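Remarks on the structure that follows.
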Amino acid sequence: MNNVPERDSSIAAAPTAVSLIIAVFNSETSLRRLHQAIMDRAISPEFDFEIVYVDDGSTDGSLKILHDLKKNTANVVVVEHPGNRGQSRAVLTGVHAARSPIVVTLDDDLQHNPADVARLLAVLKPGAPGTLVMGVADALKRPLWRAWAGLCANAISNLFLARPLPLRLTTFCAFRRQLCADLDPGSDRDLPLVTALVQAADVTRTVAVQLDSLQRDRSRYDLAALFRLFMSRSRYYRFSRVLAALAGAS
88 MNNVPERDSS IAAAPTAVSL IIAVFNSETS LRRLHQAIMD RAISPEFDFE
138 IVYVDDGSTD GSLKILHDLK KNTANVVVVE HPGNRGQSRA VLTGVHAARS
188 PIVVTLDDDL QHNPADVARL LAVLKPGAPG TLVMGVADAL KRPLWRAWAG
238 LCANAISNLF LARPLPLRLT TFCAFRRQLC ADLDPGSDRD LPLVTALVQA
288 ADVTRTVAVQ LDSLQRDRSR YDLAALFRLF MSRSRYYRFS RVLAALAGAS
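Take a look at the structure:
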């Protein structure tokens, strides 16, 4: 009879490597609070975190603060865009610069609670490589006009997309880097990153999160920005569905 040594249950599993990706634009008033919130609420022995900040051409003191954070915190990476190229491209730059196969994207405005990072990762880790996990917001916690405008833009987009978007989507996502390996952060075209991720994913899971109500009015999205976002998704629209919708409306 062969003697097979039992596995020592006291040996802890190696922490999961995760890169947090944060696009930064003119956020000098909130960056230190955001960084401290990540250190206080997200860091745990279960994960080996790298924090990748991408400065998207800030014109205030954001870049100096980022370099101070890098100097005083281990595993902080700072990437610089020479000019403002938009949040999606900045996030994608960070994803390509990340060393970890798993990434989590957070906004720089403190709306996303770093404590929810572990909740998104708990859903992602057992999933297949093509899984996307997205935080979905409670619409009642957002300004009414913006909640309805966002819901309508997503609902109309879903008429034309092969894979529907969660109606209350946010940019708070967890996924494996390979999901956006074919996306080029250097492209000059508008990049609806969340839409691209949903279309590339085999399955999209959602986790309910609450946006910080103290920060909700600071959103950079207005009606014009939401319309531009809707139009930027057109490259992922199925032409046959667009024709069908036009025919039905005529």
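Take 88 as the starting number for the sequence shown in the working numbering and just add one per residue.
We put the beta carbon where it would ideally sit given N, CA and C, even for glycine.
Small disclaimer: the values here were computed from a predicted structure and weren't measured.
Assigned secondary structure, T180 (DSSP; H/G/I helix, E/B strand, else coil): helix
Those runs of the alpha helix (DSSP H) which lie wholly inside the segment 147-223 and span at least 4 residues: 149-159, 174-184, 204-211
Backbone secondary structure at R320 - three-state DSSP: helix
Cβ pair count under 8 Å reaching 3, the segment 237-249 against the segment 151-159: no
Proximity of G222 and T257 at Cβ, strictly below 7 Å: yes
Cut-off 7 Å between Cβ atoms - residues of its own chain near S149, not counting five sequence neighbours on either side: V111, N113, S114, E115, L118, D142
In DSSP terms, what R119 is bridged to: Note: R119 sits in no beta bridge, so no partner.
Residue from D271, D225, A215, Q265 with nearest C-alpha to P253: D225
Strand pairing of L256, partner residues [DSSP]: V223
Proximal residues to P279 (C-beta, below 7 Å), its chain only, five neighbours per side dropped: S175, L316, S319, R320
Under the three-state DSSP convention, the category L248 falls into: strand
Beta-carbon separation (whole angstroms), G181 vs I108, contact threshold 8 Å: 4 Å
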